[in-house]
Amino acid sequence: MTDSFRRIPWLIPLSCMALTVAGLFGLHRADQLYGPSGQFERQLVWVVLAWSAMFAVAWFPWRRLRHFSGLLFAVCQVLLVIVLFMPPVNGSRRWIPLGPVDFQPSEPARLTFIMALASWLMYRDNLRTVRGLIVPFLLTLMPLLLILREPDLGTALLFLPILYCMLFAAGARGRHLTAAAAAGICLLPLLWQQMTAEQRSRVVALFQQTDGGPTPTDDRFHLHQSKQILALGGLQGSLFRQEREIDDPAAWRLPAARTDFVLSLIGERYGLAGIATVLMLYLVLAGKGLQAARATRDPWGRLVATGIVAMIGVQALINSAMTVGLMPITGMTLPFCSYGGSSLLSFSVAVGLLISIARQPGYDVGPSLAGPAGH
Numbered sequence: 227m228t229d230s231f232r233r234i235p236w237l238i239p240l241s242c243m244a245l246t247v248a249g250l251f252g253l254h255r256a257d258q259l260y261g262p263s264g265q266f267e268r269q270l271v272w273v274v275l276a277w278s279a280m281f282a283v284a285w286f287p288w289r290r291l292r293h294f295s296g297l298l299f300a301v302c303q304v305l306l307v308i309v310l311f312m313p314p315v316n317g318s319r320r321w322i323p324l325g326p327v328d329f330q331p332s333e334p335a336r337l338t339f340i341m342a343l344a345s346w347l348m349y350r351d352n353l354r355t356v357r358g359l360i361v362p363f364l365l366t367l368m369p370l371l372l373i374l375r376e377p378d379l380g381t382a383l384l385f386l387p388i389l390y391c392m393l394f395a396a397g398a399r400g401r402h403l404t405a406a407a408a409a410g411i412c413l414l415p416l417l418w419q420q421m422t423a424e425q426r427s428r429v430v431a432l433f434q435q436t437d438g439g440p441t442p443t444d445d446r447f448h449l450h451q452s453k454q455i456l457a458l459g460g461l462q463g464s465l466f467r468q469e470r471e472i473d474d475p476a477a478w479r480l481p482a483a484r485t486d487f488v489l490s491l492i493g494e495r496y497g498l499a500g501i502a503t504v505l506m507l508y509l510v511l512a513g514k515g516l517q518a519a520r521a522t523r524d525p526w527g528r529l530v531a532t533g534i535v536a537m538i539g540v541q542a543l544i545n546s547a548m549t550v551g552l553m554p555i556t557g558m559t560l561p562f563c564s565y566g567g568s569s570l571l572s573f574s575v576a577v578g579l580l581i582s583i584a585r586q587p588g589y590d591v592g593p594s595l596a597g598p599a600g601h
């Protein structure tokens, strides 16, 4: 037991737990500004469940999951089809009602996609050819198109950078990845046609930002309010202030403050230091995760660890960028910080798997791994 504890890369779980606490601070600030909603208390319950799941998975023999990765991926695809027939909530079909809670299939779909893709890539010598990239791209399109139909543009587009990071780690040629990226850019008009009118307007709003003047009433409103909340906090934040900078309630209005824009509330309350701390925690998590991936001698474990780091890092980067107007608002939450049980639980399980891989980096010698590494 002592050796097991010693092998844990403690900076990984501690970073995740610190990010979760930072998210609770943001939810508490939302209750102060907008009144109690009960979400802070519900998130506390999810935190207990998520942390328990993280350490339970961290002690699970991760190599056993490889044999079920294809089945788990297929189950998630079925759930992504089922959710399209659920009653819409705010114009989207993203949740399956399960009694007192709502389950969002797109959350576990990302992790099962990483596991299934790693199983396909681990011993493929043909990755260094264009033909060898066809199946990985088809695997990616399956969940991407289903999630896009919900519609959930942010989560759908997250699959592409995960794919590219895992292909690079698996040994795909740079020129082939570049050619695939160029082909993807050429397909952007097709993606634009598949997007809803609201999603298109959010992209257009990115290029119509204005500072000062009256508050916009169209899709630029969310971004305008997010930047204004950050400005009201200033460099030092409002924690040590006795009074608000502005008493007008409309100036503090921020839709989705507890989900998509929780970083804005953290910045408003704790200033630049608060935002810098959150971003530093993501850097620590990504750095230790990549270190674990590099130390893992099993190819499946190495690819899964790389995919998990890419999933968390890219989503954190996109959410942070959209908060300040560097990327369009796509409804993507901030990992570990935003309110939501499905999101917190799925990210915690993913980190638990990352910890398990880091704890047991050795190569699993057995009949199923008798093939050439190809790396």
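Numbered according to this note's numbering, the sequence shown terminates at residue 601, and the numbering increases by one at each position without gaps.
Just so it is clear, CB atoms sit at the ideal spot from N, CA and C, and this is done for glycine as well.
Per DSSP, reduced to three states, the secondary structure at I308 is helical.
When C-alpha distances from M558 are compared across I238, T485, A512, L449, the shortest belongs to T485.
When DSSP states are grouped into helix, strand and coil, L259 belongs to the helix group.
Contact annotation: P587 and T503 have beta-carbon atoms that are not nearer than 7 Å. Assigned with DSSP and collapsed to three states, F329 falls in strand. Beta-bridge pairing by DSSP links V510 to no other residue. Between F286 and S582, the alpha-carbon positions lie close to 7 Å from each other. Within the DSSP bridge table, the entry for I322 names F329 as partners.
Minimum Cα-Cα distance from A477 among the listed residues P334, S564, H450, V315 corresponds to H450. Taking every protein chain shown into account, the CB of N316 has fewer than 16 other CB atoms within 10 angstroms, so this residue is exposed.
Looking at the backbone, the Cα of T381 and that of V577 are separated by about 18 Å.
Just so you know, the alpha carbons of M548 and L347 end up roughly 32 Å apart.
In its chain, beyond the 5 residues on either side, L507, V510, L511 have a beta carbon closer than 6 Å to the beta carbon of S241. Comparing alpha-carbon positions, the option among Y390, F339, L337, L305 lying closest to P323 turns out to be L305. The Cβ-Cβ distance between T556 and C391 does not fall below 7 Å. In the DSSP assignment, L370 falls within the alpha helix (DSSP H) that extends over 360-374. Secondary structure at V530: helix, using DSSP grouped into helix, strand and coil. Contact fails between the segment 358-378 and the segment 290-297, because fewer than three Cβ pairs, one in each stretch, are under 8 Å apart. Looking at the DSSP output, V315 sits in a beta bridge with S318. Of the candidates F447, L359, G500, R233, the residue whose Cα lies closest to the Cα of A406 is L359. Between the alpha carbons of L560 and V283 lies a distance of about 22 Å. For the pair F251 and V271, the Cα-to-Cα distance works out to about 15 Å. For G539, same chain residues with a beta-carbon under 6 Å away, outside a window of 5 residues either side, are A512 in chain order. When DSSP states are grouped into helix, strand and coil, W272 belongs to the helix group. DSSP, read as helix, strand or coil, puts F487 in coil. Straight-line measurement puts the Cα of P442 at about 34 Å from the Cα of P331. For R585, the uninterrupted alpha helix (DSSP H) segment begins and ends at 567-585. A straight-line Cα-Cα distance of about 14 Å links T338 and S574.
Here DSSP, grouped into helix, strand and coil, assigns C412 to helix. The Cβ atoms of V530 and M368 lie no closer than 7 Å to each other. Collapsing the DSSP output to three states places G380 in a helix. According to the DSSP assignment, I455 belongs to the alpha helix (DSSP H) that extends over 446-459. Across the set L571, C563, S572, the C-alpha of C563 shows the shortest separation from the C-alpha of R255. By the 16-neighbour rule on beta-carbons within 10 angstroms, F487 is buried. Counting every other CB atom within 10 Å of its CB across the protein chains shown gives E333 a total of 16 or more, marking it as buried.
Within the same chain, W478 come within 6 Å of L259 by CB-CB distance, once the 5 residues on both sides are set aside.
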